[in-house]
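Numbered by this note's numbering, the letters in the first sequence go through residues 7 to 735 in order.
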Amino acid sequence: MKLKYTMDSNFAIVKTIKGVERILEYCRKTGYMSFDFETKAKGGPQSDQDDCTIIGIAFQPGFAYSIPLYHKESNLDPEEIFPLLGKLWEDTSIVKVAWNAKHEYKWVRRYGYDIRGVYLDGMLAKYVLDEEPPNDLKSMVARFIPEFAGYDDEVDKLVKKHKGWEHVPLTPLSEYCCMDADFTLRLSIFFEKLLLRPKNPKFYPLFRNMAMMQSRTFAESELMGVKIDVKYLNRIEQQTRGRIEKNLKKLLAIKVIRRYQEWRITDHIRKLIESTNAEIYAIKTGKKEAKNEASKARMINQREEKISRYIAGELVTKKEVVDEVNFNSPDQMVQLLFTSPKGFRFKIVKYTKDKETKRPTTKPSTDEEVLLELKTKDKTGFIQKLLDHRELSKLHSTYMVSIQERVTPDHKIHGEFKIHGTVTGRPSSANPNLQNIPRTTTSSLIKGMYIPPPGHLLLEVDYGQAELRVAAELSKDPDMIEIFKKGYNVHVATAAKINRKFEKYEEIKGILSDPKHPDHLFWEKQKKRGKVLNFSILYLQSDEMTADQMGVSVEEAIEFKQEWFNQFPLIKKWMSAQERRVRKYGYVEGLFGRRRRLPDIYSDIKGFRNKAIRDSINAPIQGCSSDFTQFSTVIIRDHINRGTIKLTDSLQWRYQAYTVHDSIGYYVQPQFIHKAVPLITEICSNPDTQKYFNFEMQHVKMKVSAEMGKSWGSLEDYSYDKDYSLWLK
DNA sequence: AAATAGCCGTA
DNA sequence: GTACGGCTATTTT
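Given below as structure tokens:
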């Protein structure tokens with residue numbers, strides 16, 4: 007049976023300031039304030055154009071009020087309401103509860119208040135308990151309070167109908183808002199209880215000391231934003247646009263392309279005639295109704311005229327006209343390269359893969375790998391130009407134009423970091439994604455637009471070989487541990503090991519730093535192979551793919567892997583142990599207590615089971631490495647707040663700018679650099695995991711390096727001897 | 001207007 | 001091999 011809340015005494019719209027004051031009283035009595043804003047979803051809390059339409063507040067299960075803030079049906083003055091709400095938010099004896107509290111917190115800050123005291127985010131509690139999406143409130147209500155599944159259906163329709171929350175009539179909006187606050191309170195308390203079960207003692211610290219603290223660091227970071235050199239951005243955008251246009255002209259002039267376009271037109275005309283003939287047939291046989299005989303004749307006549315126009319090649323309407331060849335269209339590229347009789351007629355290299363099953367489809371692929379293969383058979387130079395076009399248009403649309411569209415009047419970008427964004431514990435980034443900004447030489451110009459604010463430099467702290475260090479710690483492999491203890495570069499050491507020259511590590515290192523040495527190129531290659539090998543093994547990559555990446559035969563790849571395992575025997579042992587654990591428990595766990603549940607280990611489908619085994623190895627390594635970065639951001643934030651680390655005098659720029667999985671970016675004024683950097687690297691290398699997560703690294707230490715830059719595109723290794731103030735002149 | 005497919009950027 | 005987000009083209013509603 008589907009229940010529905012009614013507007014009885016439990017839920018109400020507050021219409022007077024007296025009513026708001028009563029809510030304050032209730033929250034103080036129960037010690038809980040669960041709240042949820044409905045807002046105009048546009049610029050977010052950073053922009054001063056958008057406002058909260060309404061807030062729902064619950065203080066005990068089943069009891070909630072809504073207060074209209076900026077709603078046309080309300081006569082309440084928000085200027086009077088906010089100071090009252092502020093008293094609640096800043097009252098340390100009241101537990102603040104929200105679903106995705108980072109979002110609510112940003113709005114609270116926007117109105118000039120802070121949230122003090124204990125803070126409970128049901129969504130993050132749920133995420134720690136179960137990392138698989140969905141994580142949204144509606145889905146959780148459907149799962150745990152199924153009698154109220156779909157409670158938002160009605161208001162959803164109204165939002166669509168009235169085009170925005172702010173236009174939905176107050177009564178249904180208020181009811182919905184109360185339900186949101188109420189369900190948030192109930193589920194949050196429920197999930198927190200589950201986190202506190204003594205049988206999983208690591209959950210609550212992970213929730214409190216990691217997830218909830220990340221909520222703060224990311225909220226501050228998102229509000230602060232990153233600075234953009236808009237002049238520079240506009241310049242490279244224009245440049246790139248020009249290059250794309252020029253390339254496009256050249257591409258379109260290629261003979262085969264002209265021929266293919268002719269074919270497209272004739273083929274299109276053929277199809278138009280076919281379908282018009284089909285229409286005529288439908289009219290004649292009565293499948294398409296006509297009012298009377300006269301109109302029937304007229305309809306047929308019209309279509310026959312159309313056909314003669316088509317035959318003459320006269321295409322006029324938007325549907326009829328054939329656009330120029332579009333090199334961004336995978337469909338057209340398939341025709342051009344493989345299927346069209348007037349195209350290149352290349353042999354199909356491979357097929358695209360189905361997302362669900364990962365099996366090849368019947369559609370030929372035109373991805374980069376395919377193009378590189380075709381390039382050797384192409385004499386027109388088209389393939390190279392297409393590759394160039396792909397690269398440029400990707401850079402242009404994703405990393406230039408979309409940034410231009412998002413940049414604020416004060417030249418900032420406000421991305422969003424999702425704590426619950428991945429199943430492994432890594433945060434994800436969106437709107438825009440600051441974690442996939444191009445870094446290669448061809449596109450390094452992109453990072454040049456990410457500059458520190460005036461008077462500041464960019465400090466990036468990077469964890470080095472985080473995943474392999476974690477793997478060494480988890481597996482306790484003595485050989486891998488030795489590499490890190492000696493401070494070796496793990497990929498070079500691996501290269502030395504698989505060549506059975508480990509004792510000559512220092513010598514090899516010397517060769518690598520001497521470009522004139524006769525063996526320099528050899529060891530460069532070996533180092534690259536070592537790196538490929540390290541990752542391929544950690545993630546159980548197929549032999550074929552490893553061979554491909556290493557540039558060796560499959561047989562050789564298998565031998566390399568064999569040798570690798572001989573060199574690091576305990577890693578293999580750990581991997582089998584992970585497999586055993588996931589079979590036994592259905593989940594695996596990393597050092598911070600973060601779990602990855604892998605029920606697919608019990609699937610009937612072998613592919614699913616194998617995936618679960620790979621995940622059981624990858625997830626703790628990936629998640630745990632990221633946990634170190636995240637933990638560091640939290641500790642550093644604490645130091646900044648206490649004043650034990652100082653990066654800047656600016657209040658505006660005092661938060662972290664970004665994190666990208668194993669690196670963290672800060673803005674810093676030169677006079678603080680030499681005091682702050684050693685402190686930060688010390689904290690990151692030896693984080694106090696004992697205190698907050700009840701474990702200690704037994705065998706390897708984490709390692710961080712620091713880089714400084716006048717932009718994200720020009721980072722240099724930090725040096726204690728450098729006078730960075732000179733960089734600002 | 002919303003969903004899917006293909007491709008491609010990052011760690 | 002693992003983990004993501006986002007753009008463009010294209011189909012579906």
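Heads up, the beta-carbon is just placed ideally off N, CA and C, and yes, glycines get one too.
In the structure shown, Ile611 falls within a coil segment according to DSSP collapsed to helix, strand and coil. Short of 7 Å from the beta carbon of Tyr238, and not among the five residues preceding or following it, lie these beta carbons of its own chain, in chain order: Gly454, Met455. Less than 7 Å separates the beta-carbon of Leu257 from that of Lys391. Contact between Val340 and Ile271 does not hold, since the beta-carbon distance rounds to 18 Å and is not under 8 Å.
Contact between the stretch 190-201 and the stretch 137-155 is established, with three or more Cβ pairs separated by less than 8 Å. Within the stretch 386-419, complete beta strand (DSSP E) segments of at least 3 residues are not found at all. In this structure, the alpha-carbon of Thr246 lies about 15 Å from that of Val236. Around the beta-carbon of Gly128, 16 or more other beta-carbon atoms lie within 10 Å, marking it buried.
The count of Cβ pairs closer than 8 Å, one atom from the stretch 98-105 and one from the stretch 26-46, reaches three, so the stretches are in contact.
Under the three-state reduction of DSSP, Gly25 is assigned to helix. Taking 7 Å as the cut-off, the beta carbon of Ser669 is found closer than this to the beta carbon of Glu466. A straight-line Cα-Cα distance of about 20 Å links Thr45 and Arg222. Residue range 710-715 is occupied by the beta strand (DSSP E) that includes Ala712. Counting every other CB atom within 10 Å of its CB across the protein chains shown gives Pro459 a total of 16 or more, marking it as buried.
Per DSSP, Phe69 lies in no alpha helix (DSSP H); the unbroken beta strand (DSSP E) holding it starts and ends at 69-74. Relative to Asn616, the option among Met581, Asn332, Phe423 whose CA is nearest is Met581. The three-state reading of DSSP puts Thr552 in helix, counting H, G and I together. Put simply, the backbone Cα of Tyr698 is about 16 Å away from that of Val134. For the stretch 666-713, the continuous alpha helix (DSSP H) assignments of 4+ residues that do not extend past its boundaries occur at 676-691, 695-699, in sequence order.
Between the C-alpha atoms of Thr323 and Gly68 there is a straight-line separation of about 59 Å. In this structure, Ile457 places its C-beta atom within 7 Å of the C-beta atom of Lys233.
Two segments are said to touch when three or more pairs of C-beta atoms, one from each, lie closer than 8 Å; by this definition the stretch 558-578 touches the stretch 481-490. In this model, Ala296 and Glu374 are separated by some 52 Å (Cα to Cα). Ser227 counts as buried, since no fewer than 16 other beta carbons sit within 10 angstroms of its beta carbon.
Straight-line measurement puts the Cα of Pro366 at about 18 Å from the Cα of Glu379. The stretch 706-714 and the stretch 686-693 touch, with no fewer than 3 CB-CB distances between them shorter than 8 Å.
By the neighbour-count definition (other C-beta atoms within 10 Å, threshold 16), Met551 is an exposed residue. One thing to note: Leu200 has its Cβ no nearer than 7 Å to the Cβ of Tyr210. Inclusion of Arg475 and Phe490 in the CB contact set at 7 Å is warranted, their separation being smaller than that value. Rounded to the nearest whole angstrom, the C-alpha separation of Thr282 and Ile543 is 59 Å. The count of Cβ pairs closer than 8 Å, one atom from the stretch 631-642 and one from the stretch 422-436, reaches three, so the stretches are in contact. The way I'd put it, the stretch 658-668 doesn't touch the stretch 166-177; fewer than three beta-carbon pairs between them come closer than 8 Å. Between Phe598 and Leu212, the CB-CB gap stays under 7 Å. Taken through DSSP and simplified to helix, strand or coil, Ala663 comes out as strand. For Pro366, the beta-bridge partners assigned by DSSP are Lys359.
Annotated three-state conformation of Ile651 is coil, per DSSP.
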